[in-house]
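Residue numbers (the working numbering), protein chains in the order written: chain A, 1279 to 1937; chain G, 30 to 465. Quick reminder that beta carbons are idealized off the backbone N, C-alpha and C, glycines included. Here the structure is laid out as structure tokens; the discussion comes afterwards.
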Amino acid sequence: MSKSRIHLILVVALLSALAVPTLAQTVASKGDEAKLIAVLKNADASRKDKIDACRQLAIIGGKDSIAPLAALLGNEELSHNARYALEPNPDPAVDEALRDALGKVQGGPLVGVIGSIGVRRDAKAVGALTKLLNNSDPVVARAAARAMGKIGTAEAAKALQTALPQVSDANRLDFCEGLFRCAESLATGGQKNQAVAIYDELSQLDSPHQVRGGAVRAAILTRERGGPKLLRQYLQSKDYILFSAAVQAAQEMPGDRVTKALLDEMKNLPADNQILIIQTLGRRGDKAAVPALLDAAKSGAKPVRIAALATVTELADASAVPVFVQLLDDNDREIAQAAQMSLATFPGPEADAAVTELFAGGNTDKQRLGLDLMGRRRMASGVPALLKAAHSADSKVRPEAIRLVGDLGGADQLPALLVLLDSVDRPQDLAATEQAIATACTKAKEPQAQADKLIGRLSQAKPAQQAALLRVLAAVGGPNSLKAVRAAIDSDNAEVRSAAVRALGNWRTADAAPDLLALAKATNDVTAKTLFLRSYLNLAVRGEMATEQRLQMCEQAKGLIQRDEEKRLLLGTLSNIESPEAMGLILPYLSDAGMQQEAGMAAVTLAERLLKGRGAAKLAAQLVEPLQKVAQTSTNSEVARRANALLEQAQKRGNRKQR
Amino acid sequence: MSEKKPTLSRRAFLGHTAALALPAIVPASVFGRDGAVPPSERIVVGGIGIGNRGTSDLQWMLPERDVQFVATCDPQKQRREKVKALVDTRYGNNDCKLYSDIREFLATRTDIDAVLSTTGDRWHALAAILAMRAGKDIYSEKPSAMTIAEGQAVVETARRYRRIYQSGIQRLSEGNFTFANELLRLGYLGQVHTVRAHIAPWDAAEMRHDWLPAEPLPPKDEVDWDAWLGPCPWRPYNSAYCRGSWRNHYDFHTSCIGEWGAHTFAQCQVALGLWETSPVEYKYVNNDSGDGMVTTFANGVKMVLERDMNAKIWHGSCGVRYEGTEGWVAIADGYSKPEVSNPAWMADFKKLVDDYCARTQRPMSHMRNLLDCIKSRRQTVANPVMMHRSMSTVHAANICMWLKRDMKYDPVKEEFVNDAEANRFRSRAMREPWII
């Protein structure tokens, strides 16, 4: 080998080596183009490096890369990669290179070059592509047809139309695709007459259903002023494909003429076809259709009536509201339900008024329906009527009316709800009022300010009302609420005391925990102690706090735990704390004869959680020993089976982690 | 060539007679058989590229009484045969036909009304386009397009041939996620200013460009490697790709952003009513995943990408969180119920979901929604435009991470503003003969 050749190889190898680090990136820097080109030219560079270079030149390649890439277009191994780089390069020289390749490359690379010309919409290539429409290789002919479609000029369309009558069955779909694309492009460019001619031709071909249907839709849409006339023609078609294509076109056409055509033709059609038209009238949003749709809703075939009700709701014309109300009493249950649904979702004050009127009537069933509709409509305007009903309505209606005051109203209704609380006696009404107050407080912008209003009423309230207020305070939370609940623990009244304890147990934040622990420590009453511990441990599971704090709470509770029932509470709590330390607190109970089964259950439950969690890979090894212990000691076959299955899983994951 | 319609076995027939009781509102000609089949009888379905995920979809589809699954197409023999075994066992016959070449499958099985396509990501858009061009309706798994251009082509093809298309963004048909969307739509949250979309907490936006070591090419009947690669650049065969190790390779995948963003961006855009557009701004974040990237829609609402490594926002996968002036809602997989700022809203759960189903005529079953729409020709919940626009958001976020700079996007022109390099990423040249 000559010195100069060795020198050349070294230089190219050096350039290639410099380029290699960039080849692993998605985007090379612009300054790397020369290095990437050098890789392409290097006969010794690997196929992988050349493919990587092409990928990067797709993003940064400029004029200099075009010729080296074009030189690869005939290369069976790299032709696609060369196109990968050339296709997105906006330089017009790429088009010249691809056109030039048309006459030189064969087989797969030719198909690829044709495709890239299509993507780039190179109108200058139409002549050369036209010659390929008759190529003996069907793959080439099809590719040419599709590419000419992408180019989409009148010249391309004409060539495809000329070729279409002679095209083989196997190639026809691709030629139709090419013509569709041309027509779309021509229509977008303002040459609508040419586009319409293409669609008409396609719709009348003996071609697959998707071509005929697609062409009919497009032929109607592209005609613009002439569209409605053609629409009417196809609405009368016995061929459902052409009929449905016409209806689909109508969805996309504005104007009264279209609505009129749909309404005129609908009358004479079978129910199936009527439904399709009715749904389309809704999607068109033309309110001129409302009277006809209301007629259709009142009588006729049930599926058509239901479709009409749904559609007239979609059109949101207030004239429909009385018909909805009328149809609530329809003999057919499905029609009545459809009318309810329409009233529930129909927008605007007219429907609100109709629902309020329904609620105000003397019929209990209608009142309950009115309540349901108020809720579904989120009808804040109904709140005054609801408050009135809270004092006077039928006992079946009253609780739901009270609840809705909270749902639909807000903090503004709180004074009225508090007055109501003082006056209600029935447990259902009391519970509803409590729920409404809780909802109104939690919805308020400053819930704790609302809670202060509740605290102010505690001292004057009757025991049942006090208990309700305490439960609301637990839902709202905050330091003042906690203080009030804490004070109520010392109430003389048992109902209030019990509610205060439960309120503490339902506290969402950890600030209630010290109180519960202190109460558990202080009491001599076994039942009360269990209650306090249960609430305390509930908080350790449900409260918003870090895992470490949960564990700390369990440690503190452990010191108080003596009875089996209390141990079960602790084990249940620990099985819910996703931490290996929780497992450490469970394990000693495996040696406790009375607790062995519960401890085994708690251990496998916790292990299942840990092995499903995010840190499973890290924790798996730590779980092996505890699970072995459970598997060996458990007398419960199901627990042992679960432990063994988890053990296998933990061992596998642990080993994988070690690898 | 038209193939004779497969006859039903007695068992299958009995299983399908109930379908005849469905509302008789759809003439059979809508199925492309020009009136040859009685109304509402059944939808004849074929499969494309059904693997693990696809098997779940198939098992979801097979119990539907108006479906008859008749054939499957896959370049891998083992997968083809697995599907056949499952389907034949279900129907108690030996009728499920097998195909290795998608072109032959689509050209000859003119009796098939719809396809279930659950290939790897690289094939999703291409398979959908070829199937729709052949007159089939389709369920296409996510992420349903590898590039912005592929998404556009799916939209154009569906529109051109009036096809029904459902992307596998199934959370759009789940109660918890629907409830969250309805809370937003109905104003419970007040004025929504920010939505948060979960991205996969593994992998990165930058993907692999290396090749797995070459292995001897198996016989074409076992694995048709050229067909497996489809439109992607050639690389040597390695069996691991066929077992799912194509993930995280640039040629085949849409990164940690697309893995979950295909779901969560769609959820957010549908909830906001912005599923026919895309964000106009993408703010680059200097990390490897796109975590914290803020994208902004033209109306000012922000969608933030969240990796949520420490589970501060969600304790499940594929989460979304919507934040407004009056409150927030968060939901992810595995939640028994959505998390809400106001617990009182939960009382409306059933009501809101039921009203949504009635209002939209969409059931809480993604597969059922497709089957219903095949009959009614209504738009599906995960229709082509929605898929394309949410996947455009995925692609734009990825491109933003690859180019490491802020970007502006024009959703009308569907191009990046004054960024020629970014615009080159909008498409990738397809490998012959897999060119649309």
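Neighbour flag for residue i against chain B, beta carbons, 8 angstroms
i	result
Met459 (chain G)	Included in the structure are the protein chains A and G, with no chain B among them.
Close-in-space but distant-in-sequence residues of the same chain around residue i (CB under 7 angstroms, 5 per side omitted)
i	result
Pro262 (chain G)	Asp280, Arg460
Ala1465 (chain A)	Ala1473, Thr1500
Gly61 (chain G)	Model confidence at Gly61 (chain G) stands at a pLDDT of 42, short of 50, so the residue's coordinates are unreliable and nothing is read from them.
Pro1299 (chain A)	Annotation note: pLDDT 44 at Pro1299 (chain A) (below 50); position unreliable, no value reported.
Arg1450 (chain A)	Ser1485
Gln1929 (chain A)	Val1902
Leu1520 (chain A)	Arg1490, Gly1491, Val1494, Tyr1512
Ala1496 (chain A)	Ala1461, Tyr1477
Asp1685 (chain A)	Gly1653, Thr1717
For residue i, the first and last residue of its enclosing beta strand (DSSP E)
i	result
Ile72 (chain G)	72 to 77
Lys1938 (chain A)	This structure does not reach residue 1938 (chain A), given that chain A is present from 1279 up to 1937, and the question cannot be answered.
Asp439 (chain G)	436 to 439
Trp357 (chain G)	356 to 360
Lys1313 (chain A)	Careful: Lys1313 (chain A) lies outside any beta strand (DSSP E), inside the alpha helix (DSSP H) at 1311 to 1319.
Glu335 (chain G)	331 to 335
Ser146 (chain G)	143 to 146
Tyr128 (chain G)	126 to 128
Val349 (chain G)	349 to 353
Val1305 (chain A)	It is not in any beta strand (DSSP E) - Val1305 (chain A) carries neither H nor E in the DSSP assignment.
Span of the alpha helix (DSSP H) around residue i
i	result
Gly1396 (chain A)	1385 to 1398
Arg1535 (chain A)	1534 to 1544
Val1568 (chain A)	1568 to 1576
Leu1797 (chain A)	1791 to 1800
Ser1776 (chain A)	1772 to 1783
Val1661 (chain A)	1661 to 1670
Thr2005 (chain A)	Outside the displayed span of chain A (1279 to 1937) sits residue 2005 (chain A), for which this structure offers no information.
Val1372 (chain A)	1371 to 1380
Close-in-space but distant-in-sequence residues of the same chain around residue i (CB under 6 angstroms, 5 per side omitted)
i	result
Leu1350 (chain A)	Leu1356, Ala1360
Ala47 (chain G)	At Ala47 (chain G), the pLDDT of 29 sits below 50, so the modelled position is not reliable and the matter cannot be decided from this model.
Pro52 (chain G)	Only weak support exists for where Pro52 (chain G) lies, its pLDDT of 34 falling under 50; the coordinates are left without a value.
Arg391 (chain G)	Asn398, Val410
Ala1379 (chain A)	Leu1351, Val1391
Leu1748 (chain A)	Val1763, Ala1766, Ala1777, Ala1778, Ala1781
Glu1773 (chain A)	Pro1741, Ala1745
Val369 (chain G)	Val358
Expected contact under 8 angstroms - CB spacing of residue i and residue j to nearest Å
i	j	result
Ala1880 (chain A)	Arg1931 (chain A)	The pair is not a contact, with the Cβ atoms about 21 angstroms apart (cut-off 8 angstroms).
Ala1598 (chain A)	Thr1634 (chain A)	Incorrect: roughly 17 angstroms between the Cβ atoms, too far for contact.
Leu155 (chain G)	Gly259 (chain G)	6 angstroms
Ile158 (chain G)	Ser421 (chain G)	Wrong, their Cβ atoms sit about 17 angstroms apart, outside the cutoff.
Ile1613 (chain A)	Ile1584 (chain A)	7 angstroms
Phe294 (chain G)	Ser419 (chain G)	5 angstroms
Sequence-distant residues of the same chain with beta carbon closer than 8 angstroms to residue i, five excluded per side
i	result
Val1917 (chain A)	Gln1875, Gly1878, Met1879, Val1882, Val1908
Interfacial residues, the stretch 1669 to 1703 of chain A to chain G, with Cβ spacing under 9 angstroms: Arg1681, Gly1684, Asp1685
Under 8 angstroms (Cβ pairs) to chain A, residues found in the stretch 232 to 250 of chain G: Glu235, Met236, His238, Asp239, Trp240
Contact list for the stretch 363 to 382 of chain G against chain A, Cβ threshold 8 angstroms: Asn371, Pro372, Ala373, Ala376, Asp377, Lys380
Residues in the stretch 1842 to 1859 of chain A having any Cβ partner in chain G nearer than 9 angstroms: none
In chain order, each beta strand (DSSP E) run of at least 3 residues that lies wholly inside the stretch 86 to 124 of chain G: 96 to 102
Runs of beta strand (DSSP E) lying entirely within the stretch 150 to 176 of chain G, each at least 3 residues, in chain order: 166 to 169
Alpha helix (DSSP H) runs contained entirely in the stretch 1680 to 1730 of chain A, provided each spans 4 or more residues: 1692 to 1701, 1705 to 1721
Whole alpha helix (DSSP H) elements within the stretch 194 to 276 of chain G, 4-residue minimum: 204 to 214, 254 to 258
Near-chain A residues of the stretch 271 to 304 of chain G (beta-carbon distance less than 7 angstroms), N- to C-terminal order: Tyr279
Residues from the stretch 179 to 191 of chain G in contact with chain A, defined by Cβ distance under 7 angstroms: Arg189, Tyr190, Arg191
Near-chain A residues of the stretch 150 to 171 of chain G (beta-carbon distance less than 7 angstroms), N- to C-terminal order: Arg162, Gly164
Near-chain G residues of the stretch 1318 to 1332 of chain A - C-beta to any C-beta below 7 angstroms: Lys1326, Ile1329, Asp1330
Interface positions of the stretch 1708 to 1721 of chain A facing chain G (Cβ-Cβ less than 7 angstroms), listed along the chain: Thr1717, Thr1720, Lys1721
Unbroken stretches of the alpha helix (DSSP H), 4 residues or longer, contained in the stretch 1404 to 1458 of chain A: 1404 to 1410, 1416 to 1429, 1432 to 1441
Residues in the stretch 1806 to 1824 of chain A having any Cβ partner in chain G nearer than 9 angstroms: none
The stretch 1483 to 1498 of chain A: positions lying closer than 7 angstroms to chain G by Cβ: Pro1486, His1487, Gln1488, Gly1491, Gly1492, Arg1495
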